[in-house]
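Going left to right, the sequence shown walks through residues 47 to 711 as the working numbering numbers them. Below is one structure, written out as structure tokens, with a few remarks after it.
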Amino acid sequence: MKLQAAAVLSFAAAASAKWTNNLNYRSPSEHHPFMGIAIHKVVRRTNYATPFNASQLNFTHGVASGDPYEDSVILWTRCSPVYDDDKSNITVTGTVPLYSHEHNEYVSVSAAPVCVNWQVSTSPNMTTPVSQGTAYTSSDIDYTIKVEATKLQPFTQYYYRFGVCNSTNYSPVGRTKTAPGPNDDTAAVSLAIYSCSNYNFGFFNAFGNAARKNSVDYVLHLGDFIYEYAEGAYGWGWSLGRIPQPNAEIRTLYDYRKRHATYRADLDSILSFQSFAWIPVWDDHEVGDNTYRDGMADQNNTEDSFIQYDIEYGGEYVSFDQRKMNAVRAYFEWMPIRQVEMDDNLRIWRSFSIGTLFDLIMLDTRQYDRSITDLYWNTDYIHQISNDAGRSMMGSRQENWFYNQLSASQERGATWRLIGSQTVFSRQNESIVYGNQDPLDYDAWDGYQANRNRTFQHLYQNNITNNIVMSGDSHMSWVSDLIWLDEHPYDENTGAGSVGVEFAGSAVSSPCPYGQNITQVSANNASNWLVHANKELQWQDVYYRGYYELTISKTQVNARFYGIPSIVQRLPYEVSLANFTVMAGANALQRPVAGGIVASGALKNGTTRMMNMTNNTLTGQYIVTDLQSFGYNQGPNGTRTNGTSGQPQQSSASGPGVPAPTTTS
Ligand SMILES: [Fe+2]
């Protein structure tokens with residue numbers, strides 16, 4: 047009897063491990079009874095005797111990896127008997143348990159677990175696995191699988207794949223890379239940095255280009271990986287065959303899952319996730335436009351809009367809080383990220399020690415604890431309070447962590463501090479389009495100036511140097527010395543007085559906010575106005591969609607900005623826009639900035655010479671191209687619009703042929 051009991055217990059323990067191995071049952075937070083999934087209830091209802099046949103299961107969205115540590119990495123896939131996403135629109139409401147598996151009122155039960163093995167190898171043909179395991183998934187988590195592959199070597203390239211248990215039904219082979227150990231003397235690390243990938247505005251060529259070039263070690267995405275809109279509300283994808291699903295503004299859990307599934311079906315999205323370890327964070331549109339702690343542009347917690355009737359799909363009432371939790375759950379299910387603190391279901395801010403080279407501090411300046419932002423109807427008010435000491439982009443808990451991370455990084459002797467922010471950190475005087483009454487972007491750090499000043503104060507008081515801020519959100523490129531305006535002297539010609547550099551990247555595919563159909567001449571005129579209106583701003587480009595790469599070494603950081611000549615076709619081309627160097631210890635861009643010449647936009651004290659050399663990232667060959675032939679700003683039928691219908695417009699000042707800005711970014 048005792049032996050039998052032990053055998054039953056060990057079987058139960060082994061089965062339980064296969065559930066807990068899948069981190070998605072435990073995120074966003076296993077410690078919150080209304081947020082986590084009660085694995086014991088899933089186990090209780092499971093019928094192991096009737097598994098799916100391996101031929102019924104498909105790896106529907108490729109493979110992904112992310113959040114590299116020195117000895118482990120997160121691996122992700124989705125293995126499902128259906129392509130569609132799970133329709134259980136369970137939301138956090140009242141005392142109803144989030145995941146009650148008692149009957150179908152709450153969740154459509156799949157009683158058969160999907161069993162998946164995973165293997166990691168140093169070889170692409172998967173010989174001699176160095177790490178492996180087994181995990182279950184089910185409809186509860188949309189058939190996603192997220193596991194941590196452990197016992198790996200630092201800064202080592204690995205290959206991995208998943209397979210349906212007891213079968214030869216395998217996923218594609220993915221490639222990933224662990225991080226260097228914190229004390230490793232790694233010579234150089236390269237990153238591709240993205241933001242704002244909008245599905246119906248165009249193809250994610252930028253994701254694919256870095257994969258085709260095999261030019262980096264890791265990928266960062268600073269947010270707006272998905273957008274929440276229905277087709278036509280912000281972008282028209284019908285002429286491109288890119289209508290995001292479900293074709294409605296997303297509010298329910300199913301909606302957010304389905305939207306992630308759409309974006310992850312883009313071929314260059316699949317290629318990038320399969321080729322590199324990703325380190326992503328969210329911005330506003332992973333939930334909704336201009337989110338902050340308690341609401342968003344058209345849905346707040348303080349008025350009638352608190353509850354919105356999801357009339358387009360599902361017919362459910364969804365409060366903002368419910369909507370945010372739906373978005374968070376889907377994000378954790380679909381992104382290859384770690385949950386670094388199980389007691390905090392919203393925490394996505396986290397850091398990585400990359401050898402003695404740098405610390406990577408990934409902030410959440412958006413969803414976690416941001417004070418009220420510019421919601422379009424309150425711009426004057428947000429302007430008035432933009433320097434209020436009580437306002438924070440991140441909340442006091444994250445702010446304290448941020449400053450402590452900066453100090454700890456300096457104290458441990460890391461050469462550089464890289465800070466991932468969603469919105470642009472430096473001042474952006476954009477009165478050219480916003481007008482003089484409210485000339486700044488109050489949804490960015492300009493709306494939280496006391497928080498920005500506290501950051502500068504911490505950097506200067508503690509002599510924390512070699513700081514590189516990376517940001518997105520604006521759909522334009524901005525390269526600035528990092529200066530404490532009105533507090534610390536700064537020489538815009540030499541860079542003296544700066545405490546680092548900000549590289550703010552353009553969008554993968556989201557449109558130019560000064561007009562989707564802006565000409566390059568008008569765009570460059572606007573850039574020229576901007577670099578003269580902002581003394582710390584050394585290069586600015588309005589025109590190109592794109593991304594940038596950083597190579598970080600002990601002696602310098604090199605930045606390479608790329609423009610995508612077309613997003614209305616899937617093409618492997620890119621234009622080299624501008625290159626920058628930051629020498630260690632200089633705390634400013636090396637002069638002459640960008641070597642004195644760029645291919646687009648405007649360079650302070652430099653020349654813009656438009657190039658017609660295009661790199662084919664598939665072949666590595668540069669070709670002379672008539673860039674206009676790509677129809678950069680127009681769809682094949684020439685009918686694409688700004689896609690801003692239904693969006694409120696901010697005030698506009700007359701500029702050099704510059705239209706009013708779109709307000710969504
Ligand atoms: Fe955006």
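Glycine included, C-beta positions come from ideal geometry on N, C-alpha and C.
- request: Using three-state DSSP, classify residue 324 as helix, strand or coil.
  value: Mapped onto the sequence shown, residue 324 falls at position 278. It is a strand residue.
- prompt: Mind listing, in chain order, the residues whose beta carbon lies closer than 5 Å to a non-hydrogen atom of ligand 1?
  reply: 242, 270, 556, 711
- prompt: What did DSSP end up calling residue 111 once you bin it into helix, strand or coil?
  reply: Translated into the one-based positions of the sequence shown, residue 111 becomes position 65. Three-state DSSP puts residue 111 in a strand.
- request: Return the CA-CA distance between residue 645 and residue 262, expressed in angstroms with no decimal places.
  value: Numbered from its first residue, the sequence shown carries residue 645 at position 599. Numbered from its first residue, the sequence shown carries residue 262 at position 216. For residue 645 and residue 262, the distance between alpha carbons rounds to 23 Å.
query: Ordered along the chain, which non-local residues of its own chain (more than five positions away) have a Cβ less than 7 Å from that of residue 65?
result: In the sequence shown, counting from the first residue as 1, residue 65 sits at position 19. For residue 65, where only same-chain residues beyond five positions count, the Cβ hits under 7 Å are 71, 85, 88, 89, 182.
field: Alpha-carbon spacing of residue 453 relative to residue 332, whole angstroms
entry: Within the sequence shown, numbered from 1, the residue matching residue 453 stands at position 407. Within the sequence shown, numbered from 1, the residue matching residue 332 stands at position 286. The alpha-carbon atoms of residue 453 and residue 332 are separated by roughly 30 Å.
- prompt: In the structure shown, what three-state DSSP assignment does residue 644 receive?
  reply: Taking the sequence shown and counting its residues from 1, the one referred to as residue 644 is at position 598. Of the three classes helix, strand and coil, the one that applies to residue 644 here is strand, per DSSP.
- prompt: Near residue 421, which residues of its chain fall below 7 Å by C-beta distance, leaving aside the five closest residues on each side in sequence?
  reply: Numbered from 1 along the sequence shown, position 375 holds the residue referred to as residue 421. Around residue 421: 336, 343.
message: Can you tell me whether residue 738 is buried or exposed? The criterion is at least 16 other CB atoms within 10 Å of its CB, across all chains shown.
response: Given a span of 47 to 711 for the chain in the structure shown, any question on residue 738 remains unanswerable.
Secondary structure of residue 149, DSSP reduced to three states: Taking the sequence shown and counting its residues from 1, the one referred to as residue 149 is at position 103. Because residue 149 sits at a pLDDT of 38, beneath the cut-off of 50, its placement in the model cannot be relied upon, and the point is left open.
- prompt: Just how far apart, CA to CA, sit residue 532 and residue 275?
  reply: By 1-based counting over the sequence shown, the position of residue 532 is 486. By 1-based counting over the sequence shown, the position of residue 275 is 229. The straight-line gap from Cα to Cα measures roughly 40 Å.
- prompt: In the DSSP assignment, what are the bridge partners of residue 406?
  reply: For the purposes of this step, residue 406 is taken as residue 360 along the sequence shown, with counting starting at 1. Paired residues: 398, 464.
- prompt: Is the beta carbon of residue 372 less than 8 Å from the beta carbon of residue 309?
  reply: As a first step, residue 372 is located in the sequence shown; it is residue number 326 there, counting from the start. As a first step, residue 309 is located in the sequence shown; it is residue number 263 there, counting from the start. No, the Cβ-Cβ distance between residue 372 and residue 309 is not below 8 Å.
query: What's the C-alpha gap between residue 285 and residue 661?
result: The residue labelled residue 285 in the question sits at position 239 within the sequence shown. The residue labelled residue 661 in the question sits at position 615 within the sequence shown. Going by the C-alpha atoms only, they are around 26 Å apart.
query: Nearest CA to the CA of residue 329: which residue from 394, 233, 300?
result: On the sequence shown, residue 329 is found 283 positions in, with the first residue counted as 1. Of the listed residues, the one whose Cα sits closest to residue 329 is 394.
task: For residue 250, collect the residues of the same chain with a Cβ closer than 7 Å to its Cβ; drop the 5 residues on either side in sequence, then sort them by chain order.
output: On the sequence shown, position 204 is the one that residue 250 refers to. The residues are 243, 312, 314, 315, 554, 555.
task: Under the assumption that residue 542 contacts residue 523 (Cβ atoms under 8 Å), give the Cβ distance between them as a whole number of angstroms.
output: If you number the sequence shown from 1, residue 542 lands on position 496. If you number the sequence shown from 1, residue 523 lands on position 477. Going by Cβ atoms, the distance from residue 542 to residue 523 rounds to 24 Å, so no, they are not a contact pair.
- prompt: Can the beta-carbon of residue 207 be found closer than 8 Å to that of residue 220?
  reply: Taking the first residue of the sequence shown as 1, we reach residue 207 at position 161. Taking the first residue of the sequence shown as 1, we reach residue 220 at position 174. Yes; because the gap between Cβ atoms is below 8 Å, this pair is in contact.
query: Buried or exposed: where does residue 458 fall if 16 or more other Cβ atoms within 10 Å of its Cβ makes it buried?
result: For the purposes of this step, residue 458 is taken as the residue at position 412 of the sequence shown. Classification for residue 458: exposed.
query: Could you give the distance in angstroms between the alpha-carbon of residue 467 and the alpha-carbon of residue 405?
result: Here residue 467 is taken as the residue at index 421 of the sequence shown, counted from 1. Here residue 405 is taken as the residue at index 359 of the sequence shown, counted from 1. Approximately 14 Å between the Cα atoms of the pair.
- prompt: So, is residue 270 buried or exposed, given that buried needs 16 or more other C-beta atoms within 10 angstroms?
  reply: Numbered from 1 along the sequence shown, position 224 holds the residue referred to as residue 270. So residue 270 counts as buried.
message: So, at 8 Å on beta carbons, what are the nonlocal neighbours of residue 387 in its own chain, with the 5 sequence-adjacent residues on each side left out?
response: The residue given as residue 387 occupies position 341 in the sequence shown. Around residue 387: 393.
message: How far does the beta strand (DSSP E) with residue 565 in it extend, from its first residue to its last?
response: Within the sequence shown, numbered from 1, the residue matching residue 565 stands at position 519. No beta strand (DSSP E) contains residue 565, which DSSP labels as neither H nor E.
Test item: CB-CB of residue 432 and residue 493 under 8 Å: Position 386 of the sequence shown, counting from 1, holds the residue named residue 432. Position 447 of the sequence shown, counting from 1, holds the residue named residue 493. Result yes, Cβ atoms of residue 432 and residue 493 sit closer than 8 Å.
message: Helix, strand or coil, according to DSSP, for residue 285 in the structure here?
response: Taking the sequence shown and counting its residues from 1, the one referred to as residue 285 is at position 239. Residue 285 falls in the helix class under three-state DSSP.
message: In this structure, how does DSSP classify residue 63 when only helix, strand and coil are distinguished?
response: Looking up residue 63 in the sequence shown gives position 17. If DSSP states are grouped into helix, strand and coil, residue 63 belongs with the helices.
field: N- and C-terminal bounds of the alpha helix (DSSP H) containing residue 477
entry: Within the sequence shown, the letter at position 431 stands for residue 477. Unbroken alpha helix (DSSP H) run through residue 477: 477-480.
- prompt: So what does residue 345 bridge to, in DSSP terms?
  reply: The residue labelled residue 345 in the question sits at position 299 within the sequence shown. For residue 345, which the question treats as bridged, DSSP gives the partners 342.
- prompt: How would you call residue 170, buried or exposed, if buried means at least 16 neighbouring beta carbons within 10 angstroms?
  reply: Start at 1 with the first residue of the sequence shown, and residue 170 comes out as number 124. So residue 170 counts as exposed.
query: When burial is assigned at 16 or more other CB atoms within 10 Å of the CB, is residue 298 buried or exposed?
result: Looking up residue 298 in the sequence shown gives position 252. Under this definition residue 298 is a buried residue.
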